[in-house]
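Participant:
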Amino acid sequence: MAKHGDHPDLPSLIEDLLMDDVHTVFLKADCPPRVKRGTIGELRLIEVEEQNDGNWDTLRIESLQEELVELAESNNHRSDCFLEINRKGCQVVQLGDLRIACAWPPFADAREITIVRPVAKLQITDYQLDPRLIERLSNHHRGVFICGRPGSGKTTLAQAIAEYLDNDLGAMVKTMESPRDLQLADRITQYAPLEGDLEKTAEIIFLVRPDFVIFDEVRRARDFEIFADVRLAGVGLLGVTHANSALEAIQRLIGKVELGLVSQVLDTILHVEAGAIQ
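Residue numbers -15 to 262, in our numbering, belong to the letters of the sequence shown in order.
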């Protein structure tokens, strides 16, 4: 996938909003644009002063959405530019390092575009982890959860672990993502839901025999079941999930997996807050 800041040339009105420390841009019809900027754990939502070239009305948002989809299609020679999701009322576009989610009625009450990009790219050494934890992660035949609130730095940590396993340990790493937005080395293959189903993706995962799989994100009950199935098959697995604490992450798993199997499915939980492991 693309490195930070690497994306096709965007319409100038978007590039102007994507300042260096901007993580997310929010555009909604009949509302002034807003951006979330800062560092991991210290993001602030700021309203941007109205541009001089008119209001952000429905037609302008719709026209901008069409431009972004056309950009993905015209750059389809790049592996990091594609239309990831196309449903009634919603589209998700990947343009280099940018994930762009578009929504419109009847799914949303008004047209909107949300542009998200990573604000940090870290190495495993940047986290100053306890050597015992590094040794534990080096044994890539484990079941690991990374949990935390949205925007806490879970995905950034998952990327750092994936590249550590790939570069330093020589492990074969694959990912299961929906959407595919992890910023990883080109040789790490990133799989989307096959025919819209991550269970089918897991079937292919078994055939390609990776040493370790990154599952981003484990959200629904079925995702937890797939996580357990892949782990019990002996594949090393790291899942990224939303939870306020390590205990809540375990509670989310219990009920989807037999209680006696939990310790076989999951043996390490990393809780992230403000970009640091707690």
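Just so it is clear, CB atoms sit at the ideal spot from N, CA and C, and this is done for glycine as well.
#1: On a Cα-Cα basis, can you pick out the residue from Ile253, Leu(-3), Met3, His7 that is closest to glycine 132?
#2: Could you work out which residue in Gly259, Met3, Arg120 is closest to valine 32 when comparing CA atoms only?
#3: Does the Cβ of histidine 255 have 16 or more other Cβ atoms within 10 Å, making it buried, or fewer, making it exposed?
#4: Alpha helix (DSSP H) containing leucine 79: first to last residue?
#5: Return helix, strand or coil for glycine 220, following the three-state DSSP convention.
#6: Need the endpoints of the alpha helix (DSSP H) that threonine 185 sits in, please.
#7: My understanding is that alanine 144 touches valine 157, with C-beta atoms under 8 Å, so please give their C-beta distance in whole angstroms.
#8: My output table needs one value for glycine 110: the three-state DSSP class, helix, strand or coil.
#9: Go to valine 256, then tell me how far its beta strand (DSSP E) extends in each direction, as first and last residue.
#10: With H, G and I counted as helix, E and B as strand and the rest as coil, what does DSSP make of isoleucine 172?
#11: DSSP three-state label for arginine 44, please.
#12: Which of the three DSSP states is assigned to glycine 22 in this structure?
#13: With DSSP collapsed to three states, give me the class of phenylalanine 208.
#14: Below 8 Å CB to CB, which residues in the same chain sit around leucine 250 once its five sequence neighbours on both sides are set aside?
#15: Suppose the cutoff is 8 Å on Cβ atoms and the five residues either side in sequence are ignored; what does the same chain contact list for valine 241 look like?
#16: Going by other Cβ atoms of all chains shown within 10 Å of its Cβ, with 16 needed for buried, is proline 89 buried or exposed?
#17: Taking cysteine 15 as the reference, which of Ile172, Thr42, Arg62 has the closest Cα?
#18: Lysine 12: buried (16+ other C-beta within 10 angstroms of its C-beta) or exposed?
#19: State buried or exposed for serine 162, treating a residue as buried only when at least 16 other CB atoms are found within 10 Å of its CB.
Facilitator: On the basis of the supplied data:
#1: Ile253
#2: Met3
#3: buried
#4: From DSSP, leucine 79 is part of no alpha helix (DSSP H) but of the beta strand (DSSP E) over 74 to 79.
#5: strand
#6: 182 to 192
#7: Not quite, the Cβ-Cβ distance comes to about 12 Å (not below 8 Å), so this is no contact.
#8: Per the sequence presented here, residue 110 reads as aspartate, with glycine not at that position. Aspartate 110: helix per DSSP, three-state reduction.
#9: 252 to 257
#10: coil
#11: helix
#12: coil
#13: helix
#14: Gly127, Val128, Phe129, Arg215, Ile234, Leu237
#15: Phe208, Glu209, Ala212, Val249
#16: exposed
#17: Thr42
#18: buried
#19: buried
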